[in-house]
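Encoded as structure tokens, the structure appears first; notes follow it.
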Ligand SMILES: [Zn+2]
């Protein structure tokens, strides 16, 4: 149990169902007033006010103690418990809701998903109890809502903590796929589809860049008209111009290829994510 800090003689204590059932040591901390260690309670430090205790002469000391919680408790039960250093404490216990078990007097209720085949033909399955996992025999011909009793795995009796109620296990048929799993698989499929589309888009960008480059007017020195006309200008020499055009075209193509590769990598990542999502989904189904 986690330590709690006590500031009053009467307090509420929130306990897990296991602690309510079996009890245990509850660690406590509390602040005890003691004489200031600097001024020994005088409040004065030489001729000035003691800065350690602001002249009060008393400081608080954090101390630790514990109470012993008995088992077989009921929600709202009030206990008078002795704690070393604190004397008698009035503790009202509050039961925390349990994720798996519900109390029904001396019995505990839980529910369990069982594959349809086991419900029909019977078999042994594992079930979580308040103490540990146990084997539970499913009788043949069980169905949705059948309650199987695991004797002696319920709540301890107040009169005799050795005696315990039963665990009542309500059976349900394991759904083929839960809505959440279906949703996850749809998400995985969509992600994969988008990923593949993005990869194709990246390939498209790359191919386009290369096609544009190969179709581009290649300005060979003394070559085609476009280069010749442009090179007629007052500044550009025909050879320099052709060289500059080629460089420009090569740079454009390289940029196009680089963007294409980046888009492909992004698409590949999305596809992997999508496939993982679908794979995880399948593993989850196998486990149940
Ligand atoms: Zn002091």
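Residue numbers (the UniProt record's numbering): 1 to 288. Glycine included, C-beta positions come from ideal geometry on N, C-alpha and C.
Reference residue i, options the options, closest by Cα
i           : options              : result
residue 35  : 25, 28 and 54        : 54
residue 166 : 109, 114, 113 and 39 : 109
residue 254 : 210, 132 and 243     : 210
residue 27  : 82, 48 and 37        : 82
residue 37  : 47, 24 and 51        : 51
residue 162 : 169, 168 and 154     : 154
residue 132 : 121, 150 and 123     : 150
residue 146 : 7, 266, 114 and 213  : 114
residue 56  : 67, 245, 41 and 87   : 41
residue 16  : 94, 186 and 126      : 94
residue 106 : 99, 86 and 130       : 130
residue 4   : 179, 199 and 67      : 67
residue 89  : 135, 180 and 10      : 10
Alpha-carbon to alpha-carbon, residue j and residue i
i           : j           : result
residue 69  : residue 84  : 14 Å
residue 111 : residue 64  : 40 Å
residue 339 : residue 172 : For residue 339 there is no data in the structure shown, the boundaries of the chain being 1 and 288.
residue 71  : residue 79  : 12 Å
residue 102 : residue 174 : 21 Å
residue 25  : residue 270 : 51 Å
residue 249 : residue 206 : 14 Å
residue 183 : residue 274 : 13 Å
residue 13  : residue 59  : 27 Å
residue 256 : residue 272 : 24 Å
residue 1   : residue 158 : 22 Å
residue 261 : residue 245 : 24 Å
residue 117 : residue 126 : 15 Å
heavy atom of ligand 1 below 7 Å from residue i C-beta
i           : result
residue 105 : no
residue 24  : no
residue 101 : no
residue 57  : yes
residue 312 : The question about residue 312 has no answer, for the chain in this structure spans 1 to 288.
residue 319 : Outside the displayed range of the chain (1 to 288) lies residue 319, so it cannot be described from this structure.
Bridge-paired residues (DSSP) for residue i
i           : result
residue 60  : 33
residue 133 : 128
residue 170 : 111 and 147
residue 68  : 25
residue 73  : BP columns for residue 73 are empty, so no partner.
residue 102 : 109
Chain C within 8 Å of residue i, Cβ atoms only
i           : result
residue 211 : Checking the listed chains, one finds no chain C in this structure; it contains a single protein chain.
Below 8 Å, can you find three or more Cβ-Cβ pairs linking the region 181-199 to the region 129-149? Output reads no: the region 129-149 does not touch the region 181-199.
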